[in-house]
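This report concerns only the one structure given below.
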Amino acid sequence: MKTFNFKAKLNTEEQQLRNELIQHILKNPKQAIPFEQKYQPLLEKNVLNVEGNQITCLYPFSLKPTRFKVTIPEFEQTVYTMCAIDAIGVSDTLKTPIKIEAVCAETNTPIQLSVENNDIQNLTDYPDLRVLYKDLCPDSQCSVNCCPYIQFFKDEEALEAYYAKHIGNASTISQDASYHSLTLQQAREVAQEIFA
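To convert, note that position 134 of the sequence shown is 134 in the UniProt record's numbering; the numbers rise steadily by one, no gaps.
This is how it looks when you write it as structure tokens:
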């Protein structure tokens, strides 16, 4: 499985810029941020996305509503993320407990989770929740090449059905080297690698 850490890609000054942007997002989670030249290194390192001269994503956060809604009790705020792993990774980015509301990408079944420290809790009636994970591409925009595929599923059957309909590089996901079916705990560990 291929991952990378967003923070590790940045020097001290770039990490400070990222932290300033995160604080802005926590105060105004749905407001696009005007792109300034000082953010160019973050764009070049694929840590943020820009559309029409506005920052629309700073991993793990999305400034547009998505299927991944994260409540952060400590900040009394709700934010959106780009994918399932990003939603879990908000806890690592902010070093605080979170609650996640999402849906199964195949069935639209509501999914609720909580994350605190190394612990991820399934708050639904579906004991075998899964996450479809696509290997990250550190030299390209994850929002285009990875995030659309990194989704929550109510079970393995729903994940396999989605894979067959939307990806289908192999007859099953287990035969595909770039895509992986993860348990919640495995997804938690991947989120930590990417965002801690």
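Just so you know, even glycine gets a beta-carbon here, dropped at the ideal spot from N, CA and C.
| Query | Result |
| --- | --- |
| Contained alpha helix (DSSP H) runs [length at least 4] in the region 27–81, N- to C-terminal order | 40–44 |
| Local conformation of residue 106 per DSSP, three classes | coil |
| Distance between residue 131 and residue 156 (C-alpha atoms, nearest Å) | 9 Å |
| Residue 98 versus residue 121 - alpha carbon distance | 11 Å |
| Chain-order list of residues whose beta-carbon lies under 7 Å from that of residue 57 (same chain, five-residue window excluded) | 48, 49, 63, 82 and 143 |
| Rounded straight-line distance, which links the Cα of residue 20 to that of residue 124 | 35 Å |
| Residue 119 - partner residues in DSSP beta bridges | 116 |
| Alpha-carbon spacing of residue 109 relative to residue 151, whole angstroms | 12 Å |
| One or two residues paired with residue 133 in a DSSP bridge | 180 |
| Where residue 237 sits in the DSSP three-state scheme | The requested residue 237 is not part of the displayed model; the chain covers only 1 to 196. |
| Inter-stretch contact (C-beta, 8 Å, three-pair minimum) for the region 60–77 and the region 171–182 | no |
| Assumed close pair residue 53, residue 34 - CB separation to whole angstroms, cut-off 8 Å | 7 Å |
| Limits of the unbroken alpha helix (DSSP H) element including residue 266 | Absent from the model: residue 266. The displayed extent of the chain is 1 to 196, so no value can be given. |
| Limits of the unbroken alpha helix (DSSP H) element including residue 150 | Residue 150 -> no alpha helix (DSSP H), and no H or E assigned at all. |
| Span separating the alpha-carbon of residue 41 from that of residue 14 | 7 Å |
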